[in-house]
Every structure is written in structure tokens, then in C-alpha cells.
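Protein chains in written order, with this note's numbering: chain A, -10 to 340; chain B, 14 to 387.
C-beta atoms are modelled at their ideal positions from N, C-alpha and C, and glycine is treated no differently.
Data block below; observations after.
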Amino acid sequence: MSIRIENVTKTFGKFTAVDKVNLDVPDGTLLALLGPSGSGKTTLLRIIAGLDVADSGSVIREGEDITRQSARDRKIGFVFQHYALFRHMTVEENIGYGLRVRKRPKALIKERVDELLKLIRLEALGKRYPAQLSGGQRQRVALARALAAEPKVLLLDEPFGALDAKVRQELRVWLRKLHQEIHVTSVFVTHDQEEAFEVADRVVVMNQGRVEQYGTPAEVFERPANPFVMDFLGNVNVFHGRVEQGKALVAGAALAVADQHPDAPSAAVYVRPHEVVIQHEQSGNASLPAKVLHVNPAGSRVKVELRATESEQLINAELTSERFAELGLKSGDEVFVSASRVRVFAGNYVI
Amino acid sequence: MSADAVIIRLPARGPGPQVPASFVNPRTDPAWVRWGLTGFAVLVVGVLVGIPVVNIFYEALKEGVRVYWDNLVADPDTRHSIFLTATVVPIALVANIVFGIAAAWAIARFKFPGRTLLTALIDLPFSVSPVVAGLMFVLIFGLQGYLGPFLREDGYSVMPYATSLVGVFVLVVLYFVFRPANPAARRGVWRGPTWLVVPAASVVLFALSVVVQKRLGVWPQGESLKIIFATPGLVLATAFVTFPFVARELIPIMEAVGAEEELAAINLGANGWQMFWHITAPNIKWGLVYGIILCNARAIGEFGAVYVVSGHIAGQTDTMPLRIEKLFQEYNLPGCYAVASVLTLLAILTLVAKARLERKIPSVVHEATGEGGS
Chain A
-10 MSIRIENVTK TFGKFTAVDK VNLDVPDGTL LALLGPSGSG KTTLLRIIAG
40 LDVADSGSVI REGEDITRQS ARDRKIGFVF QHYALFRHMT VEENIGYGLR
90 VRKRPKALIK ERVDELLKLI RLEALGKRYP AQLSGGQRQR VALARALAAE
140 PKVLLLDEPF GALDAKVRQE LRVWLRKLHQ EIHVTSVFVT HDQEEAFEVA
190 DRVVVMNQGR VEQYGTPAEV FERPANPFVM DFLGNVNVFH GRVEQGKALV
240 AGAALAVADQ HPDAPSAAVY VRPHEVVIQH EQSGNASLPA KVLHVNPAGS
290 RVKVELRATE SEQLINAELT SERFAELGLK SGDEVFVSAS RVRVFAGNYV
340 I
Chain B
14 MSADAVIIRL PARGPGPQVP ASFVNPRTDP AWVRWGLTGF AVLVVGVLVG
64 IPVVNIFYEA LKEGVRVYWD NLVADPDTRH SIFLTATVVP IALVANIVFG
114 IAAAWAIARF KFPGRTLLTA LIDLPFSVSP VVAGLMFVLI FGLQGYLGPF
164 LREDGYSVMP YATSLVGVFV LVVLYFVFRP ANPAARRGVW RGPTWLVVPA
214 ASVVLFALSV VVQKRLGVWP QGESLKIIFA TPGLVLATAF VTFPFVAREL
264 IPIMEAVGAE EELAAINLGA NGWQMFWHIT APNIKWGLVY GIILCNARAI
314 GEFGAVYVVS GHIAGQTDTM PLRIEKLFQE YNLPGCYAVA SVLTLLAILT
364 LVAKARLERK IPSVVHEATG EGGS
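Put into C-alpha cells, the structure is as follows:
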């Protein structure tokens, strides 16, 4: 079922948590609400579920206005950040709770619980209590509990926030697969852009209660709408310069701008670390001289820290290990830096 | 920094050769300090608590169990005092349990204007002298009090209204508790618009109840309704003095447990009633029992406030503590000690129950913070 949010605003005292947000969640999508803490993403999620009440605006589910409906009638599953499992109930009782309060027959509850236990691969642990489970297991129980009542929409608040890196990775893949199987419209909140890109098929970037950008992961990553999104989606080098005839002029170097951009006397020029090109020779006026400060070869990509000779600005670069071996870089080397891809946002944006 | 530099070498425990002979554990004081302080503490507790408590039982049972039993049950006034305490305490307790849960719920789950004031008011009975508390009720309901003359003349005339009001209130609460949440599933009284059904039905039921009670003459007419120097006053005074126990015990537990499980239950389709009995009640269970035990102990032993409102009518308004005082004044020491021993026994049982429960409660609060057992 699709969800539409129209002009939703929510304030807590003087703080505006959600500011006139409009959002469409098409049927069957897995959408990520991505943003820094305090950007209003959890509040928005709770408003959709009916656990918080919006000051104004409406929530529409499949054409039906559910703004005034109580949380228990919305049939929207919610997985809490800290799972909120019922501590005095076993795993089975937790999962079956949604059916129990809706007075379904016992046999049907049992059948559905067994089915879900199988789905979350915890068949053997049905009689345990939440305190006897690991974080990842609790997360799966919370998900099964939300799915038991066959919700029309599933909301997940920081589903992997409290887990360690490895379990988190496993659960991401599992969630993606689960969504492909059951196809319930899902929205999850995260502050981890990698997680959003890996799991979701739509990403909404939020900041200070507003939607900054909406699109597929590729769109958002390749064409950030504004400096905030650019900055939020990973490390970035920012140069200050101007734009003339499709070239960004930065510290004496003229870099080709990816998208068409009108001339601007003052512009912020963004280059991602993996788009920084390092060479031993100067290539025309498209590169600037720099000095290698530090090389960190750990990880799948080699991280190089440089300082531009003229402006003394620090530049972060990421190379493939093949390219790194080819260049044979070590700290203290004098090199020339250019960019394979440059994005420009006119005006001064302060990070 | 080399790895070795950060290793802190701990002195080995036990009679290992590494420990130098002169090594003094900085956490241990010299023997004379340890034994001296412990001995002093034992002495003080023994003199102030131990000996008096043992003495009560010794004095009560000095002349044998038979005499002890006679002292307790042979005197009708003593018997009545036990009966009266057993009547007053449960009523005050139930009132405070209902109030305590409601107040803790309001304070722990909602933000509203006057929340801090309510929290402070709950503590008021702790800071007001019980005698003053008793006096407050005398000044309101007593003969010279504001309501005194009216209560004396035709006090029961308010009863049809009071009972109807309480009845209608309970019905309104039940209406909301049992109303199907899904508008489509509503039948009968639940069909109409709430804003019309509730006030209209309330007025009609109230009027009906008042008329019926008056017609049938349920309550005596032209008679004095005694509150002060009677059981209702004892209940009021006891309830007031023990007012904070349950609420004070529940507020921190409910705050620590948090509202998330309750919200999860609502999200899964539970109504308010189901949420309370399935989720809230099990989570606050031990805290509630703990509060009830403390409240009960205080209610049984209450003297000051009850002393002021009771009027000391033997066989009518003497509760156990008041009876003890009277027996003492009459130099009936064996009887006095016998009743006192019963109260002391109850106190000891309370302590035992309290100690056992204390082990359960921190685990509830601890799990609530998300640390539990992972």
C-alpha cells in the first residue's frame, strides 16, 4: 500500500522537528529516510505510525486519510530502535501478541508464529525470553512481531543501529531479501548512507526537518541536489573558486565541471576523494601542485592525504591499490592533483 | 607508544612470592578500626532496636501462651480494635493503590501543566505532621468544621448524589475502555457520536440513580452522618498519611521501563485495557507489591492522624495503635504488650517481604535500560 505525506509539520516547544514535509512512498518500495541525528526522520516515522501526532498536514494511506486514525487501527507495523520486546513474554508470545489482541483463534496464532520463527531462522528459540537473546536475534524477533499481524506498511526505526558491524551487514542483506519475498511497503530510518544505499530502492535525505532530496540511491549519490546532500553522503573536498565557461577555477587550476553550470563569481567546488586524480607530471593548467602528507594503505582503497602547495588546503584522495602501486607514492612526494569529476554549487555554503 | 607501557601490573593475590612483606592493601583499614566501627554499629543497633523488640515479645509471652491469647481476644475492646484496623487498612490501601497507579501513570507518561506541582503534592503527606493531617479533617468534617453542621443535620442527603456521581464516573471510564476502537465495528451505545452520548447518558443515569435512591429511601433521612469520631474519618486520615507510598514507588519504575513497550502493544492493535494488563501491569508488578507492603505497614501503625480524628471511643473508634496506648495508660501492661507484639510481628514480616522484593526490583529497572542479559 502506498503512503503519502502532505505538508506534515511537528514542533516540540520551540524546536521544529518536521517542517512541511511532503513525501510519496509508492506501493511495494523499500524507502530509506536518511539524515543526521535531529533531522526529524524518526519523528516523521512515528507520525506515519500514529505514535506521534502531527501539528498540521495529513498522512494518506492508499487514498484514505488516516491522520486522525489511532495507531492501533492503522495496520502499520513498527519496529522500534531498541526493539521494545515485551520482556516478560517469550519469543513466541511476543510474535503472537498482535494476533492475540485481535482475538484470532489459538491454532491460527500458533501456525503463524511457527511460520515467522522459520522466516527469521529462530525456530529453536521460541521459548526463550528477550533477555536471553543476542542483539541481532532480538532485532529479528521485533521484525517478526511486527510482521505477524500482516501490516500493510512496515516502518523500521534505525533497525541496525544497536548492532555490531558484522551482524549489521548480515541483517542488511537479510532485510533486502525479505523485502523481495514479502513485498510490503517499507520505510526505514538510518543515519548511515552506506546502509541506505545498500538496502533501499528509494532514498530520502532529510536535514533540519526538511526533505533535501528524494530519489534512487544512484540518483542521490551521483547528482546531489545541494551542498548538504553532497557533504552528507561521504567525504568530500571543498574548494572555493569561481566558474567560467564551464570550468571551475580553483587555486590556478581549471577543472572541468560535470554538469552544465552558469558562470559564477563565487562557487563551492566539490570533489569526492575517489574522484581525485594524482599524477607525477603536470597536465596543462588542469592540475594543481600538492605535497603528499600521509599515506594510509589499510583497507580496500588507499587513502592519501595531500596539501596544495599554493593554497595550503588539505586534500583527501582515495586510490585503488593498483593505481597506488603504479604511482609508488610516499609521504613528502611532490605531485599534481586534478579531478575526474567536479560538482559546483554556486554561492557560499559553509560546512 | 609501545604496547608494554599501557599494561598495568596488578599485585598478585594470595601468598605469592611477588607480594612484598610490607605491602598494605589500600582498601583495608587496620584491624582495630574495622572491629571498632563494626562493634559500635552493632552496639547501637542492639540497644536502640534489638533489645526493645525482643523485650516486647518477652513481656507479651512472659506468662505463657494461654495468657497471651486471652490478652488478645478476651477483652472485647481489644478484639474490636483488631477488627477495626483490619477494616480501615484495606480500604485505605485500595484507595491508595488506585490513586497511586493513576498518578504514577500520569506523571511518568505525560507532560502537562502542573506536573511538577502534582509530584510535589504527592509528597506532602510525608512532610506534614500526622497530627496536623488529622486536624485538617476535623476542621472540615468536625462539628465546628465547615461541613460539620450540615453533616450533623441531614448528612445522608448527599449520599444519593455522591454514589450516583461515582457510579456515573465508573461507567464513563468503562465506556471508553470497552468501546471498540474500529468505528466500523461499533454497535449499540457505541454507535452514536461520543460528544453527545457521553454527556447525555451521564446526565440521564445520574438523575435516574438519584431519583431511585430517594424514592426507595436507601439512606436515612434527617440523621447525622458521622465522619469524625467514626470509621470514615479513620479511613480518610489513614489514606492521607499513606498517600505517597504507592505512587512514589511506581513513578521511577515506570520512568525507567519507558513507554516503548506500551506503544509497541498499541501499534500491534491492543486497546488501552489490554495494554495495561498485558504490558504495564507485569512490568510494574514488583514495584507495586513493594509499595503496597510499605503502605500497609505504615497504615497499620498510623497513630498521630488517627488519634486526632478517632475520639478514642473504646470498642468503636480505637485502632490497634490507639488501643495499645489506652492499655498502657490503664496500666494493663500484659494486654498492652500482647497487642504491641502483634504489630511488631507484622512489622518484621513486612521487613522480610521488603528485603526479598528489593532483589527483584533493581533487575526490572536494570533491564529497562537495555543492558539486560545480552
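Query                                                                                                                                  : Result
Pick from A:24, A:262, A:291 and A:31 that is closest to residue 146 (chain A), judged by C-alpha positions                            : A:31
At least three beta-carbon pairs within less than 8 Å, the region 85 to 103 of chain B to the region 305 to 325 of chain B             : yes
Spatial distance of residue 289 (chain B) from residue 332 (chain A) (CA atoms)                                                        : 56 Å
Spatial distance of residue -5 (chain A) from residue 94 (chain A) (CA atoms)                                                          : 38 Å
Sub-8 Å separation of residue 225 (chain A) and residue 246 (chain A) beta-carbons                                                     : no
Bounding residues of the alpha helix (DSSP H) (the contiguous stretch that carries residue 72 (chain A))                               : Segment: none, residue 72 (chain A) is in no alpha helix (DSSP H) and carries neither H nor E.
Distance between beta carbons of residue 254 (chain B) and residue 143 (chain B), contact taken as under 8 Å                           : 5 Å
Under the three-state DSSP convention, the category residue 228 (chain B) falls into                                                   : helix
Residue 327 (chain A) classed as buried or exposed, judged by whether at least 16 other C-beta atoms fall within 10 angstroms          : buried
Near-chain A residues of the region 279 to 294 of chain B - C-beta to any C-beta below 9 Å                                             : 279, 280, 281, 282, 283, 284, 287, 288, 291 and 292
Cross-chain neighbours of residue 138 (chain A) in chain B, by beta carbon under 8 Å                                                   : 281 and 282
Residue-chain proximity (residue 273 (chain B), chain A), Cβ-Cβ < 8 Å                                                                  : yes
Residues of the region 76 to 96 of chain A with Cβ closer than 7 Å to any Cβ of chain B, in chain order                                : 76, 77, 86, 87, 90 and 91
8 Å Cβ cutoff, residue 121 (chain B) in contact with chain A                                                                           : no
Minimum Cβ-Cβ distance from residue 57 (chain A) to chain B less than 8 Å                                                              : no
Top-ranked residue by Cα proximity to residue 138 (chain B), from B:260, B:338, B:327 and B:299                                        : B:260
Spatial distance of residue 272 (chain A) from residue 241 (chain A) (CA atoms)                                                        : 13 Å
Start-to-end residues for the alpha helix (DSSP H) that takes in residue 57 (chain B)                                                  : 44 to 58
Within-8 Å CB hit, residue 207 (chain A) to chain B                                                                                    : no
Rounded distance between the beta-carbons of residue 215 (chain B) and residue 180 (chain B), thought under 8 Å                        : Between residue 215 (chain B) and residue 180 (chain B) the Cβ distance is about 10 Å, and since that is not below 8 Å, they are no contact.
With 16 other Cβ atoms within 10 Å as the buried cut-off, status of residue 361 (chain B)                                              : exposed
Reference residue -1 (chain A); option with closest CA among A:223, A:183, A:62 and A:43                                               : A:43
Any 3 or more C-beta pairs closer than 8 Å across the region 148 to 157 of chain B and the region 169 to 188 of chain B                : no
Of the listed residues A:129, A:150 and A:72, nearest to residue 163 (chain A) (C-alpha basis)                                         : A:129
Whole runs of the beta strand (DSSP E) within the region 50 to 125 of chain A, excluding any shorter than 3 residues                   : 65 to 68
Residue of B:266, B:271 and B:154 minimising C-alpha distance to residue 323 (chain B)                                                 : B:154
Pairwise C-alpha distance: residue 243 (chain A) and residue 272 (chain B)                                                             : 58 Å
6 Å Cβ shell around residue 386 (chain B) - same chain, five flanking residues per side excluded                                       : Any reading at residue 386 (chain B) needs caution, since the residue's pLDDT is 37, under 50, leaving its predicted position unreliable; the model's value is listed next. Excluding residues within five positions, none has a Cβ falling inside 6 Å.
Alpha carbon of residue 41 (chain A) to alpha carbon of residue 33 (chain A), nearest angstrom                                         : 8 Å
Any C-beta of chain A under 8 Å from that of residue 184 (chain B)                                                                     : no
Start-to-end residues for the alpha helix (DSSP H) that takes in residue 313 (chain A)                                                 : 310 to 316
Residues that DSSP places opposite residue 283 (chain A) in a beta bridge                                                              : A:294
Neighbourhood of residue 283 (chain A) by C-beta distance below 6 Å, restricted to the same chain and skipping five residues each side : 294 and 320
Closest by C-alpha distance to residue 139 (chain A), when choosing among A:81, A:66, A:92 and A:52                                    : A:66
Enclosing alpha helix (DSSP H) for residue 153 (chain A) [first to last residue]                                                       : Unbroken run through residue 153 (chain A): none, as it is neither H nor E.
Sub-8 Å separation of residue 89 (chain A) and residue 284 (chain B) beta-carbons                                                      : no
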